[in-house]
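For reference, the structure is listed below as structure tokens.
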Amino acid sequence: EREWMEIPVQIKTTSSIMGQEKKEDLYMLYRYEFDEPSTGATKQRWLREMVEVRVSPAVSLTATLMPSFWAKSEHIVSVEATNHIRGKLVLDKLSIASRDYRLEKIADQGTTLRGSTVAMVDYNERVSMHYRLIATPPPDADEDRPYNKCIISECPFQEGLSDRAKDSIRSEVTDFLCLESAATRFEKALQAHKYELARAAASNDEEPRHVSQIRRANTSMSGSGEDGRRSRSVIHPTSVARLCPVDTSKSKVDLICTWNAPNELNPEDVDVTGQNHVTGLSIRPLDGKTRKGCPITITCQHAATKTHNFAMSGPAHVPLEITVRNRLVEASVEFEFSVERPKTFEFIGAECFTWEMEGGEELTIPLTAVIPTPGMYNLQHVRLVVTRDNGQKVSYLFPLQWLVQVDNGEGR
């Protein structure tokens with residue numbers, strides 16, 4: 154009696170959002186084993202099959218990231234998902250895998266559409282969501298965090314479901330991205346190895362190789378060398394830990410959006426499920442060579458309101474703490490800090506100085522605003538002049554408002 158079984162196959166391909174439906178040829182190779190009735194020996198056979206797959210425009214996903222100017226060591230991720238399926242689309246969750254960051258959805262964004270409790274998007278509609286990317290504290294000195302574990306953050310689009318973040322060795326949502334990342338690293342290592350073989354063939358090995366040539370050859374044979382000898386011997390090439398190498402985990406993350414398109418005829422059946430990836434989203438650059446923006450972020454802690462008796466006590470004093478942080482992971486930054494003198498009030502404190510910060514370092518600057526009359530005041534008058542590696546000085550002003558409302562009353 155014949156038996157059959159279904160084998161689910163995930164296919165990753167690219168599709169033109171504005172283009173037409175296209176076709177992809179999928180080459181499949183099956184291996185199966187069977188027992189020879191006469192001898193009882195197990196034999197192997199191979200079966201080749203070519204399948205034509207039609208690819209239609211489905212979902213487009215874009216993401217932008219910017220530093221948070223009200224909480225240090227945090228970033229804001231804005232995600233836009235557009236439905237290109239001629240039918241309804243249900244967004245499942247947004248996930249990341251990282252050693253140093255976790256994802257958290259910003260509350261009260263009104264994700265319910267037309268009264269539904271799920272993020273359902275119609276044809277050609279777009280949904281925008283915003284998230285906090287929070288840096289996780291490093292493990293304590295006595296805490297042994299496994300080298301092969303990463304933080305898997307999952308933020309459901311559905312209203313009422315809580316975000317999840319846990320240490321894990323693997324996750325189903327990252328399996329496909331791990332395979333793609335391993336294939337990319339293998340192709341790069343293979344190209345580097347072929348290049349070294351071509352160099353050796355051109356020189357005919359007539360003279361001894363230099364030490365640097367031997368090191369390059371060893372690097373190309375063993376991969377990119379990004380995690381060192383320990384990771385190559387312990388971490389599997391298709392693992393989550395390999396997807397988030399130690400040397401780039403602080404500077405980049407990968408976003409994964411999972412979705413499904415319900416069957417119009419039978420809503421209980423899932424017609425199409427899929428993932429969209431945004432890979433290599435830059436968080437903190439390693440150095441300032443490849444990034445033109447300001448390598449420094451500033452935040453401020455101050456009171457939003459103050460009640461003061463101007464007749465009895467004179468001008469009001471509003472203390473504030475400005476935190477300046479170097480976004481670069483590895484490189485130091487030299488800068489000049491200055492506070493432009495406002496016309497309606499004055500500052501007391503270190504209003505101008507030059508400083509140098511190492512990668513990831515931060516500096517807190519206490520100031521006091523002296524306000525003579527009641528009213529609404531913007532305390533943000535900071536200017537930074539950053540010295541680049543080539544000696545060029547670049548001035549930065551920040552489009553921020555640090556507002557404080559000062560009222561006249563019985564306060565002091």
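Following my numbering, the numbering of the sequence shown begins with 154 at its first residue and continues without gaps.
By construction, the Cβ of each residue, glycine as well, lies at the ideal position given by its N, Cα and C atoms.
Query                                                                                                                                                                : Result
Return helix, strand or coil for Tyr180, following the three-state DSSP convention.                                                                                  : strand
In chain order, what residues of the same chain have a beta carbon less than 7 Å from the beta carbon of Pro468, not counting five sequence neighbours either side?  : Val523, Ile524, Pro525
Count Cβ pairs between the region 405-413 and the region 245-263 that sit closer than 8 Å; are there 3 or more?                                                      : yes
Spatial neighbours of Pro415 within its chain, please: CB distance less than 7 Å, with the 5 preceding and 5 following residues excluded, ordered by chain position. : Lys241, Val243, Val423, Asp424
Select from Glu514, Ala355, Leu350 the residue whose C-alpha is nearest the C-alpha of Glu487.                                                                       : Glu514
I want to know whether the region 425-436 touches the region 525-534 - three or more CB-CB distances under 8 Å.                                                      : no
Would you mind working out which of His470, Val162, Lys403, Val208 sits nearest Ile501, comparing C-alpha positions?                                                 : His470
Could you tell me if Ile259 is buried or exposed, where buried requires 16 or more neighbouring beta carbons within 10 angstroms of its beta carbon?                 : exposed
So what does DSSP say about Arg395, is it helix, strand or coil?                                                                                                     : helix
Can you check whether the CB of Ile436 is closer than 8 Å to the CB of Leu630?                                                                                       : No answer is possible for residue 630: the residues shown for the chain start at 154 and end at 565.
Can you tell me where the beta strand (DSSP E) holding Met529 begins and where it ends?                                                                              : 528-531
I need the straight-line Cα distance from Val557 to His461, nearest angstrom please.                                                                                 : 13 Å
Using only CA atoms, which one of Pro552, Ser209, Glu186, Glu511 lies nearest to Thr195?                                                                             : Glu186
Answer with buried or exposed for Asn543, where buried requires no fewer than 16 other C-beta atoms within 10 angstroms of its C-beta.                               : exposed
Mind checking whether the beta-carbon of Ile322 lies closer than 7 Å to any heavy atom of the ligand NAP?                                                            : No copy of the ligand NAP occurs in the structure displayed, which carries no ligand at all.
Where does Gly376 land, buried or exposed, given buried means 16+ other C-beta within 10 angstroms?                                                                  : The predicted model places Gly376 with a pLDDT of 48, which falls under 50 and marks its position as unreliable; any figure quoted below should be read in that light. It is buried - the Cβ of Gly376 has at least 16 other Cβ atoms within 10 Å.
Are the CB atoms of Glu333 and Lys165 within a distance shorter than 8 Å?                                                                                            : yes
Mind checking Met282: buried by the 16 CB within 10 Å criterion, or exposed?                                                                                         : buried
Is it true that the CB of Lys403 sits closer than 8 Å to the CB of Asp253?                                                                                           : yes
Taking 7 Å as the limit between beta carbons, can you name the residues of its chain near Ala550, skipping five residues before and five after?                      : Reading off the sequence, residue 550 comes out as Leu, not Ala. Taken in chain order, the residues that qualify are Arg536.
Measuring straight from C-alpha to C-alpha, what distance separates Glu202 and Gln163?                                                                               : 16 Å
Can you tell me which of Ser306, Thr192, Val232, Arg395 puts its alpha carbon nearest to the alpha carbon of Val280?                                                 : Val232
Give the secondary structure of Arg482 by DSSP, where H, G and I count as helix, E and B as strand, and everything else as coil.                                     : Sequence inspection shows Val at residue 482; the Arg mentioned does not correspond to that position. Residue state, collapsed to three classes: coil.
Indicate whether Gln454 and Glu483 have their beta-carbon atoms separated by less than 8 Å.                                                                          : no
With a 10 Å radius around its C-beta and 16 neighbouring C-beta atoms as the bar for buried, classify Arg198 as buried or exposed.                                   : exposed
Nearest-angstrom Cα distance between Ser548 and Pro527?                                                                                                              : 32 Å
To the nearest angstrom, report how far apart Lys319 and Ser221 are at their CA atoms.                                                                               : 23 Å
First and last residue of the beta strand (DSSP E) that includes Tyr254?                                                                                             : 254-258
Helix, strand or coil, according to DSSP, for His346 in the structure here?                                                                                          : helix
Could you compute how far the alpha carbon of Gln545 sits from the alpha carbon of Phe506?                                                                           : 18 Å
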